[in-house]
Amino acid sequence: MGAGMAQAVQVGMQPQADNPWEDKDSAGSMKCPKCGAEVKPGERFCGKCGHQLVKESTCVKCKKPIEEGVKFCPHCGAKQTLECPKCGKEVASGTKFCPECGTELQQ
55 MGAGMAQAVQ VGMQPQADNP WEDKDSAGSM KCPKCGAEVK PGERFCGKCG HQLVKESTCV
115 KCKKPIEEGV KFCPHCGAKQ TLECPKCGKE VASGTKFCPE CGTELQQ
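Residues 55 to 161, numbered by the working numbering, are exactly what the sequence shown covers, in order.
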């Protein structure tokens, strides 16, 4: 493995700026990715600027709130995709229109 691979591994290990929970200090608090204010774990919005810290969606099966973008529901285990009733294309949860045929999808 060359130096390029080592650099790629280091870059991949850096915290993501859009994930506020990656920027925790030793006390367990975190910083808002928008304004830098300290936010307590579990808070959904920054108390200083109002930035939404965790985007939520609803499970396609059990309808419980889940973090947006997850592939499986942490509550019931259901795969978070829908099938277009017109063309049968599999689409991601939260999609409003089928990317294949344009049919409006029921949520």
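Beta carbons are placed, not taken as given, at the ideal position from N, Cα and C, and that holds for glycine.
In this structure, DSSP gives Ser-147 a state outside helix and strand, which the three-state scheme calls coil. CA-CA distance, Pro-95 to Lys-140, rounds to 43 Å.
Per DSSP, the beta bridge partners of Lys-133 are Phe-126.
In terms of Cβ geometry, Ala-91 and Lys-102 form a close pair [threshold 8 Å]. According to the DSSP assignment, Pro-119 belongs to the beta strand (DSSP E) that extends over 119-121.
Contact between Gln-134 and Lys-143 is absent: CB atoms are separated by about 15 Å, not below the 8 Å threshold. Of the candidates Met-84, Leu-107, Thr-157 and Glu-122, the residue whose Cα lies closest to the Cα of Cys-138 is Thr-157. The secondary-structure analysis by DSSP pairs Ser-111 across a beta bridge with Ile-120. Distance between Cys-127 and Ser-111, taken at the CA atoms: about 10 Å. In the structure shown, the three-state DSSP call for Glu-154 is coil.
Straight-line measurement puts the Cα of Glu-97 at about 14 Å from the Cα of Lys-88.
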